[in-house]
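Okay, structure first, notes after.
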Amino acid sequence: MPEESISIDCVMEKASGPHFSGLRLEGLLSPTASSPRAPATPCSSSSILDSSAPKQPFVIGVSGGTASGKTTVCDMIIQQLHDHRVVLVNQDSFYRGLTAEELQRVHEYNFDHPDAFDTEQFIECIEKLRSGQSVQVPIYDFKTHRRRTDTFRQVNASDVIILEGILLFHDPRVRSFMDMKIFVDADADVRLARRIRRDTVERGRDMNSVLEQARLFLIVSPLVYAKFVKPAFDDFVLPSKKYADVIIPRGGENPVAINLIVQHIHTKLGQHDLCKIYPNVTVIHSTFQIRGMHTLIRDKDISKHDFVFYSDRLIRLVVEHGLGHLPFTGKQVITPTGSVYTGVDFCKKLCGVSIVRSGESMENALRACCKGIKIGKILIHRDGDNGQQLIYEKLPKDISERHVLLLDPVLGTGNSACQAIELLIQKGVPEAHIIFLNLISAPEGVHCVCQRYPSLKIVTSEIDVALNEEFRVIPGLGEFGDRYFGTDD
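Numbering (this note's numbering), first residue to last: 407 to 895.
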């Protein structure tokens, strides 16, 4: 979410009463350090909802056998992502130059082996691009089998980075950079025909060299084929298929698969960076309504009445969104007109658990959404910044048979949340049956919870910037429980 400074660029004009319905653009203020309420100045919607901080690029890896159609797939993805900055980095650019001895036996050289690539330089290039730096990608000359020393390709940081190569998934260090891994599958005879055409036309190799590789591919020379080509494909290329998130048969001739992939990329580009890392984290869609209510409850000068009112509205939205992650079953009912309506039936086994005391502020919204729901409580006493001690717990006896909505408006370090989650798991609640609901989350807390409990779901309305030295969420909203229940000094 957008990073906010002490002086918020654009805040909402003060409004009170139950009839306020959202953010009015004409009422935006630009406060100064000396005056909390400066005269209104226009502010565009992008300056409110967009972040000026650099976003983590979305990294896609496209692998597959030689001449399987990887480049065609990459080109189709780039064409459909025309409204985003996209760069393509080919693993072939990082072939190491052949020595004089290797050049003399180039027909027997295995370009499909991991040792043929300068993996360390490839990793360095990816790391720089992910950190927002420009890189100089080498240009490999397939005629001389050496890198060109007179020129290189300048690649700038972008929204989407596409990596392409036959052995892209072989090294776990390279795989760890990827947000999506695609394997392009094609028949061996199709790949052979494409490779002959590619190597003669696009890479300028002579026909004798290409036919020699073709004979190896077709096992005309069993000994050499068994020594070079087949082991490389069987040991490195084909096994990497298991690491793919998506397998595309027929490559560029499969537009349906390409369209689905592009739709997924568009969705990920609109998400917070942490949602790209952890698919179990959901940030509800930010609108002017939600952003406006966040602006109000984060204002230190807001009245207690308004703080409670707008907090309750936000909590209700988070609870409703969290309920959407519960399992549903199909159900048919008869309408008053005598017609049949096919819908869904809600999950029956459900309960809430609030982490005392801030979590109790979310109970009313849950009761309003789920009539007669059982709600348990967990009290965790904080002993210093890192230590926690469980003081009290009161949970439904059959909680192990229920889906649990864990309630805590602020996810900070994640230590208290992890202890509460651990208690639920000890009580027999499956990790996948826990949905953690909160208003704001610190990235440190999200990392802590998701790394320890990858099957648990987190639903929040905003992810803030970070924790400060005092382990407070920044920009945050202060001690939520004290402000909500009126005990804030």
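Where a beta carbon is used, it is the ideal one built from N, C-alpha and C, also for glycine.
Would you mind working out which of the options sits nearest residue i, comparing C-alpha positions?
| i | options | result |
| --- | --- | --- |
| R656 | I567, C757, A592 | A592 |
| Y716 | V750, D640, V541, L883 | L883 |
| L829 | K783, T477, H727 | K783 |
| C531 | F583, P742, S692, S760 | F583 |
| S692 | R536, H853, L845, V512 | L845 |
| L732 | E766, H678, I671, I841 | I841 |
| R559 | C856, I545, P661 | I545 |
| F517 | V561, D707, V566, H551 | H551 |
| K534 | V465, H839, L801, E875 | V465 |
| D751 | S861, S760, S745, F734 | F734 |
| Q462 | K648, I484, K674 | K674 |
| T478 | T557, H519, R808, I568 | I568 |
| R722 | S540, V865, H678, I708 | V865 |
| K803 | H519, P815, Q832, P860 | Q832 |
| V590 | G467, T743, K800 | G467 |
| E876 | T819, D705, M586, K754 | T819 |
| E837 | R553, L666, P860, Q669 | P860 |
Using C-beta distances below 7 Å, list every residue in its chain close to residue i, excluding the 5 sequence neighbours before and after it, in chain order.
| i | result |
| --- | --- |
| L729 | C775 |
| G571 | S469, N496, Q497, D498 |
| V389 | In this structure the chain extends from 407 to 895, so residue 389 is not present and cannot be described. |
| R858 | C824 |
Leaving aside the five residues before and after residue i along the sequence, list all residues of the same chain whose C-beta is less than 8 Å from its C-beta, in chain order.
| i | result |
| --- | --- |
| D524 | F500, Y501, R502 |
| E659 | G475 |
Exposed or buried, which one is residue i when buried takes at least 16 other CB atoms within 10 Å?
| i | result |
| --- | --- |
| A872 | exposed |
| V879 | buried |
| L487 | buried |
| K737 | exposed |
| Y747 | exposed |
| S441 | For S441, the predicted model reports a pLDDT of 37, less than 50, meaning its position is unreliable; a value from the coordinates is still stated below. By the 10 Å Cβ count, S441 comes out exposed. |
| I740 | exposed |
| I827 | buried |
| K682 | buried |
| R697 | buried |
| A473 | buried |
| E868 | buried |
| P849 | buried |
| P445 | Unreliable positioning characterises P445 in this predicted model, as indicated by a pLDDT of 39, which lies under 50. The coordinate reading is nonetheless provided below. Classification for P445: exposed. |
| L720 | buried |
| K549 | exposed |
Who are the near neighbours of residue i in its chain, counting only those whose CB is closer than 6 Å to its CB and skipping five residues on each side?
| i | result |
| --- | --- |
| A663 | I654 |
| I414 | With a pLDDT of 31 at I414, under the threshold of 50, the modelled position of this residue cannot be trusted, and the question is left open. |
| R889 | F713 |
| D577 | T525 |
| I781 | G758, E769 |
With residue i and residue j assumed to form a contact (beta carbons below 8 Å), what rounded beta-carbon distance in angstroms separates them?
| i | j | result |
| --- | --- | --- |
| L896 | I797 | Any question about residue 896 goes unanswered here, given that the chain covers just 407 to 895. |
| R763 | G892 | About 12 Å separates the two Cβ atoms, so there is no contact after all. |
| V580 | V493 | So it is not a contact: roughly 16 Å between Cβ atoms. |
| E507 | Y515 | Not a contact, Cβ separation roughly 10 Å. |
Between residue i and chain C, is the shortest Cβ-Cβ distance under 9 Å, so that the two count as touching?
| i | result |
| --- | --- |
| M584 | Protein chain content of the structure displayed is limited to a single chain, and chain C is not contained in it. |
Inside the segment 780 to 819 only - beta strand (DSSP E) runs reaching at least 3 residues: 780 to 789, 793 to 800, 809 to 813
Which whole runs of the alpha helix (DSSP H) in the segment 539 to 593 are 4 residues long or more, in chain order? 578 to 581
Residue ranges of each alpha helix (DSSP H) run of no fewer than 4 residues wholly in the segment 659 to 706, ordered along the chain? Counting only runs of at least 4 residues, the segment 659 to 706 fully encloses the following alpha helix (DSSP H) elements, listed from N- to C-terminal order: 661 to 675, 679 to 683, 694 to 704.
Please specify which runs of the alpha helix (DSSP H), each continuous and at least 4 residues long, are wholly inside the segment 498 to 535, giving them in chain order. Taken in chain order, the whole alpha helix (DSSP H) runs of length 4 or more contained in the segment 498 to 535 are 506 to 510.
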